[in-house]
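**Student:** Quick one: structure below, then a few questions.
Protein chains in written order, with full-length UniProt numbering: chain A, 1 to 569; chain B, 1 to 201; chain C, 1 to 684.
What follows is the structure in structure tokens.
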């Protein structure tokens, strides 16, 4: 680890912290329907959308209606994308003449983008036409992120409201999130990225004759417009196969810095929006702090582990002054690669600027654990907030008992119904991750995809199902996932991770909204101080850790112990 | 549920037009107007021919050129399209090696490359960048140490003196952005172009 | 203040033997099914047993090891049953003393309300509405209301208080309880509770735990624990596949051992014991809760409504100061005041004598030797006093004395200072009492409402607990404010009528607060019913007792504070043991995981932080620890975690440290010790 590496990490964190409040305030005003700078240029568009869709923006929905609206919209999204992928060969903007996807790949990819996972069983520049990237993938990057933001707001309204029956209007949240939040920021970010060297064209791939006289075909495309929203919406699906490691998808250290900033921008801001909505920004900062603790511990661990380099390379007399460079880009080095890896897996982004598969065992453990904790360390846009709020309910339930009161969070009593729904949501994580990993580790179809053997091969499967269930999308990319077995099982894992979590979460939102408000007293456990932050972190780590310890022990931990003894597989 | 179908379809279509058509096309137009060089892939032309992109590495193999990182990219086998073969720096199919740290394949590969590099320059430790594959397989850069490591070989091949080459590397070393972000790097293609300008091998 | 009944010793022999028997009886699946965690434990133990039997006849290996694991699995279940049984046993012991009084009584039922002729009916066949005649020495056959007569009643059977109490028809003391004995006089009682549902019956079934329903919070916690158990189902069920991938296999017995140690058996085993013990703790404080829900609600109380008289202040006012008129010495006033009060046997009168003695050293004088004539208080004069050696001393309300002095001495005989002082005293929350000798006003006795000793500290305690106290009084706002300030209550309701009380409760509840109050009169019943925790006084009316959800047998209103503490203690104990149980899992993983995969990945032995001797001893130690910790924590579950009246933050910090961090560390030590022991003995 170098001083410079740490300075970069701390600059990042300081800037993120500085942006949290302004972004949170902006989001608060947007979703509160207040007038903002963009109301004038875009207000007519918003109203036009509602008119065309027959939506009354003043009418709010119950949790059931909100959830059904969300499901209906996602169903339309899935069908549209699935058909688009199957029809690719007949559609425009396809200079390379890519044909249709296989049905299982189309199924997997459609689910992947609708669930904001953006797992890629395919390589972008060898599979997808520009038309598909724009009309299909870019669109879903926007709307799946907007969906997540809406869901988080709905849950927060559940906390903020008293004896209420409605929790907002899905169509309004969806439209506002896209129009006033995602689109404007994406436009600015895309221009910045183009300036840094990111292509934005519709030309066919370029044929070059290299200095040594070899033909080199260079992939092109409308990259920047997709990358901006891919990071901002914590989607992470790369335009190119190598994702943000590709020099076109992440040309400079500065573009890299902007991209990781975009990943956390909205999740961090939402903590503040949450605070404002429950009328105590400190509540938001408490969540922000808990997330930050987990984030910084993750970065430090990952950075430390990768800085050690591969001990087996050291014994060969190789100088690894900055650490393990297999799978990493020179311009990012170890500090920026591990920072990116931690951020992209904390948030359910999944973009990568280095190959996690080639990380040291403990370095690769960090991204895996980040996802296993349920993507609550800032997390996906919206998803991170609603995820950590459910953990907060569990934490407060246990802690609240220890202060001798029926537990309450933000003035809402936590009773059997909330605990039941929360447990239901949280349970889908281990069920899907451990269940599918167990199945694939004994089936020949599962084992066929492995690029590595031994414990690392196990880690590849575990990582894949963790990533899919957590709706992350990053991979231990050696796994050959474009097979019917993996496409289908990973597709199901993504569905479970998204919707089996969302539905009980929304039911919780409805139950909370209907509750009376209990004002806090000196006997109420304060959910803003260091104690709460420590408790929340503790519950997240303990619940996640206890669930996945055996699996982790058999993957990264065994591999770590093996590498120390010079074992290879 | 049915009452939600109409808004679902209508809003999906409208949002697709906005974010899937208007937005990327507008960005393309703006990019072509404002930053045409970058927007088209930062291409480098020499004598009217495109010789590559300043952002995309090339597979240098000659002793007289600085070599880049290892690349794990592959391409279609020209003899049998259903098979793939190793095709380093294939800029139409970016990929990393994805070998795990305890992979025998990785260790064997590193051992072989190390042996080769040690023969070239027995006096220095082999820098990690030269025996590890980049994440994209298209990394245009190497670290200054990796460039310096190759100086004896290139000096021999081109008959240049080492100080001259070291100075050239110094000129083509890009520091961190504002001295803070990223790592110091040398663009291999740019360095080799400069090398060619100094004198043909 | 409270007559706390002695708790039976934690592990009384007389309790243990039946509890052990009950532990086996509770193996009945229908009983086990009520507790999800323990039910799962029993199921997997059964599975392991069946497989073991199968292995005996097959070519099973490691039979000795398997047998030991299975034995400890069953011990885990039995210990859980034992914990519940012993808690119930302690309740039964309390109930037994109650039941003694419930021996078959013969009731004398009036043939018709008007007549005095009775027929004998066994108490168990009484119907609601029957009117019974109870004579001196009879046991009252059932709960009811006195419709005629007055009697002294010995209620020691239920209250433990030996002093008899007066019960009379009409008014607020008309309720009688079945099983209590009439010591004098004859009363007619209308039965209000059918046999089997009387107060005593309910009390017995409550303390025995027979009619115990799961409380809302207990249900929520049970769901959490079941959810955690499910997570561990996934965690352990996936292991065999993982092992297959790694090229090995894991025996079922080891998986079962891992599973049972991971699921929260500790809290699962102790959960119902905690609930029963909480109820019993209330009973020991002579408070009967009508449901566990009420006990939980007590822990959540935000606002306490307390009657001033008897709760905050002593029932009677006391002399606190002698304020003199111009030209009168204090000693002079004290002397007159004392003389006038010598024969006054009211507490106020006595307090004047006491003050004179304490402050001015005036000793009590022998009444007979003084040759004095005492003038008693009458409604007409509204004065009392004494004529002694020609001195005529009178004391009374300010206006009575003013009128008296003016009558003797004329319009100007009363100094203007009298009114000033009287006003000052009223503002300070006191009652002024003027003293005159002849036509000369000597001064004023300041009769003060005496706030109970230590009550201020109690309220400060409550404030730290986050509970707001509101004093209810019929006094005028001026006086109420003064007393409220002195007692340190947060708020007061002056000139309160019963309906004001109800309105206040509704207002607080509308703000989302939980309100507790106590009351005894029939007119308190609506408020008692409205309050979240309504503690009715045992001396109160039947209506009040029915309306409240707790009954205080001591009729001590300050008990409300203890009730809140007990409610909090109950919740805290649950939370603490849950935390402890979950924290324990970390050490168990470190014991079992390396042992489990020893054959497949020997390098995992680096995780064997405790350096346990062998894989088998590691697994056995973990499962033994898991079983024994239940027994070890039974005393804590029964006693409850100590509640300290501090803010939520410090309280949580302390409990997290003790039960969270302690829960992390304890099993590391415990498992290591057990491992040392079983290695030494050579069990595996």
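Note that the Cβ used here is the ideal one computed from N, Cα and C, for glycine as well.
Nearest by alpha-carbon distance to residue 142/A: which of 544/A, 407/A, 228/A and 64/A is it?
**Tutor:** Comparing Cα-Cα distances from residue 142/A to each of 544/A, 407/A, 228/A and 64/A, the minimum goes to 228/A.
**Student:** Quick one, are the C-beta atoms of residue 549/A and residue 669/C less than 8 angstroms apart?
**Tutor:** No.
**Student:** For residue 369/A, go through chain C and note every residue whose CB falls closer than 9 angstroms to its CB, in chain order.
**Tutor:** Per Cβ cutoff of 9 angstroms: no residues; residue 369/A is ~15 angstroms from chain C at best.
**Student:** Run through DSSP, which three-state label would residue 556/C get?
**Tutor:** Residue state, collapsed to three classes: coil.
**Student:** At 3 residues or longer, and completely inside the region 68 to 101 of chain B: list those beta strand (DSSP E) runs for me, N to C.
**Tutor:** Listed in chain order, the complete beta strand (DSSP E) runs (minimum 3 residues) inside the region 68 to 101 of chain B are 74 to 77 and 80 to 86.
**Student:** Taking only beta-carbon atoms, is residue 528/A less than 8 angstroms away from chain C?
**Tutor:** No, no contact with chain C.
**Student:** What do you reckon, are the CB atoms on residue 371/A and residue 217/A nearer than 8 angstroms?
**Tutor:** Contact flag unset, no.
**Student:** Helix, strand or coil for residue 152/C, going by three-state DSSP, please let me know.
**Tutor:** In the structure shown, residue 152/C sits in a strand (DSSP, three-state: E or B).
**Student:** With a CB to CB cut of under 7 angstroms and the five nearest residues on each side skipped, what residues in its chain are close to residue 627/C?
**Tutor:** So the list reads 72, 75, 76 and 79, once near-sequence residues are dropped.
**Student:** Could you check what DSSP says for residue 465/C in three-state terms: helix, strand or coil?
**Tutor:** Helix, per DSSP.
**Student:** Can you confirm whether the region 99 to 111 of chain B touches the region 25 to 42 of chain B when touching is taken to mean that 3 or more C-beta pairs between the two stretches lie within less than 8 angstroms?
**Tutor:** Short answer: they don't touch.
**Student:** With the cut-off set at 8 angstroms, would you say residue 235/A and residue 94/B are in Cβ contact?
**Tutor:** No.
**Student:** Pop quiz: residue 86/A and residue 109/A are said to be a contact at Cβ under 8 angstroms. What is the actual Cβ separation, rounded to whole angstroms?
**Tutor:** Not quite, the Cβ-Cβ distance comes to about 11 angstroms (not below 8 angstroms), so this is no contact.
**Student:** Applying a beta-carbon distance threshold of less than 9 angstroms, which residues of chain A neighbour residue 698/C?
**Tutor:** Because chain C is modelled from 1 through 684, residue 698/C falls outside the range shown and cannot be assessed.
**Student:** Let me know the beta strand (DSSP E) ranges lying completely inside the region 201 to 285 of chain A, each 3 residues or longer, listed in chain order.
**Tutor:** DSSP runs (the beta strand (DSSP E)) wholly in the region 201 to 285 of chain A: 206 to 209 and 215 to 218.
**Student:** Based on Cα-Cα distance, which residue from 107/C, 128/C and 124/C lies nearest to residue 118/C?
**Tutor:** Among 107/C, 128/C and 124/C, the Cα nearest to that of residue 118/C belongs to 107/C.
**Student:** Take residue 519/A and list the residues in its own chain whose beta-carbon comes closer than 7 angstroms to its own, dropping the five residues that flank it on each side.
**Tutor:** Excluding sequence neighbours, residue 519/A sits near 411.
**Student:** Is there a Cβ from chain B that is less than 8 angstroms from the Cβ of residue 502/A?
**Tutor:** For residue 502/A, the answer is no, since every Cβ of chain B falls outside 8 angstroms of its Cβ.
**Student:** For residue 463/A, which beta-bridge partners are listed by DSSP?
**Tutor:** DSSP lists no partner for residue 463/A.
**Student:** Any Cβ of chain A within less than 8 angstroms of the Cβ of residue 530/C?
**Tutor:** Chain A contact via Cβ: absent.
**Student:** I'd like to know whether the C-beta of residue 306/A is nearer than 8 angstroms to at least one C-beta of chain B.
**Tutor:** No, no contact with chain B.
**Student:** Are residue 301/A and residue 373/A closer than 8 angstroms when you measure CB to CB?
**Tutor:** Contact: no.
**Student:** Can you tell me the Cβ-Cβ gap for residue 148/B and residue 54/B, rounded? I've got them flagged as a contact below 8 angstroms.
**Tutor:** About 22 angstroms separates the two Cβ atoms, so there is no contact after all.
**Student:** Can you say whether residue 4/C is buried or exposed, counting buried as having 16 or more other CB atoms within 10 angstroms of its CB?
**Tutor:** Low confidence applies here, because residue 4/C scores a pLDDT of 46, under 50, leaving its location unreliable; read the following figure in that light. It is exposed - the Cβ of residue 4/C has fewer than 16 other Cβ atoms within 10 Å.
**Student:** Residue 91/C to residue 423/A, Cα distance in whole Å?
**Tutor:** Whole-angstrom Cα-Cα distance: 34 angstroms.
**Student:** What residues match up with residue 318/C in a beta bridge as DSSP calls it?
**Tutor:** Note: residue 318/C sits in a beta bridge opposite 448/C.
**Student:** Return the first residue and the last residue of the alpha helix (DSSP H) that residue 108/B is part of.
**Tutor:** Its alpha helix (DSSP H) spans residues 104 to 120.
**Student:** So what does DSSP say about residue 304/C, is it helix, strand or coil?
**Tutor:** In the structure shown, residue 304/C sits in a strand (DSSP, three-state: E or B).
**Student:** Comparing the C-beta of residue 220/C with each C-beta of chain A, is any distance below 8 angstroms?
**Tutor:** Residue 220/C counts as touching chain A.
**Student:** Going by alpha carbons, who is nearest to residue 61/A out of 129/A, 170/A and 100/A?
**Tutor:** Comparing Cα positions, the closest option is 170/A.
**Student:** Could you pull the start and end residues of the alpha helix (DSSP H) that residue 507/C belongs to?
**Tutor:** Here the alpha helix (DSSP H) through residue 507/C covers 498 to 510.
**Student:** If you draw a straight line from the C-alpha of residue 426/A to the C-alpha of residue 92/B, how long is it?
**Tutor:** Whole-angstrom Cα-Cα distance: 41 angstroms.
**Student:** Whole angstroms are fine: how far does the CA of residue 34/C sit from the CA of residue 224/C?
**Tutor:** The alpha-carbon atoms of residue 224/C and residue 34/C are separated by roughly 15 angstroms.
**Student:** Could you work out which residues of chain B lie near residue 245/A, taking near to mean beta carbons separated by less than 9 angstroms?
**Tutor:** Near residue 245/A (Cβ distances below 9 angstroms), the residues of chain B are 94, 96, 134, 135, 136, 137, 138 and 139.
**Student:** Residues of chain A with CB closer than 7 angstroms to the CB of residue 152/B, please, in chain order.
**Tutor:** Under the 7 angstroms cutoff, chain A gives no residues; its nearest Cβ is about 16 angstroms from residue 152/B.
**Student:** For residue 306/A, does the count of other Cβ atoms within 10 angstroms reach 16, so buried, or fall short, so exposed?
**Tutor:** Residue 306/A should be labelled buried.
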